[in-house]
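The structure appears right after this line, and notes come after that.
Residue numbers (our numbering), protein chains in the order written: chain A, 1 to 77; chain B, 101 to 177.
Quick look at the structure:
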């Protein structure tokens with residue numbers, strides 16, 4: 001079974017990578033972009049026995065820094 | 101309007117970051133994880149006038165390296 005973990009910076013945390021992407025998009029002439037935030041995507045291929053609680057545990061212990069980051073778990077098929 | 105761009109490495113491309121995460125999860129005692137792939141998440145806040153074609157253009161020109169990466173565009177609300 002596949003699961004996706006989306007790790008994003010919390011609101012209020014500075015995101016220089018997102019700012020750089022935003023600036024580069026403008027430099028390339030793309031209009032209408034108001035904001036860009038960069039985050040991480042971690043795709044896990046786990047056994048059926050692994051439940052959401054276990055994945056949340058992985059996020060808290062390793063995948064996300066919960067001081068500055070939020071995470072969201074999505075199951076894919 | 102918000103859009104998410106999910107950038108993942110193509111199959112067959114080595115993913116040392118994913119391997120390191122996998123190894124670390126095993127070291128922490130998490131069982132049942134078969135594979136881990138690391139990717140990027142880019143959240144765009146764009147005007148309503150920006151359509152999927154424009155976002156795909158951004159991906160091809162800047163956000164993803166299409167030689168080694170796939171990208172997927174998802175609209176959020």
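The C-beta atom is built at its ideal place from N, Cα and C for all residues, glycine as well.
Computed from a prediction, not measured in an experiment: that's the story for all the values here.
*asked:* Please state whether the Cβ-Cβ distance between residue 55/A and residue 3/A is less than 7 Å.
replied: Yes, they are a contact pair.
*To the nearest angstrom, how far is it from the Cα of residue 163/B to the Cα of residue 46/A?*
Computed Cα separation, rounded: 28 Å.
*Which residues in chain B sit within 7 Å of residue 45/A, going by Cβ to Cβ distance?*
Below the 7 Å Cβ cutoff, chain B contributes 134, 135 as neighbours of residue 45/A, in chain order.
*Among residues of its own chain, excluding the 5 on either side of residue 22/A, which ones have a beta-carbon nearer than 6 Å to its beta-carbon?*
The residues are 36.
*Should residue 71/A be flagged as near chain B, meaning a C-beta pair shorter than 7 Å?*
No, residue 71/A lies away from the interface with chain B (no Cβ there is under 7 Å from its Cβ).
*Would you call residue 77/A buried or exposed, if buried means 16 or more other Cβ atoms sit within 10 Å of its Cβ?*
By the neighbour-count definition (other C-beta atoms within 10 Å, threshold 16), residue 77/A is an exposed residue.
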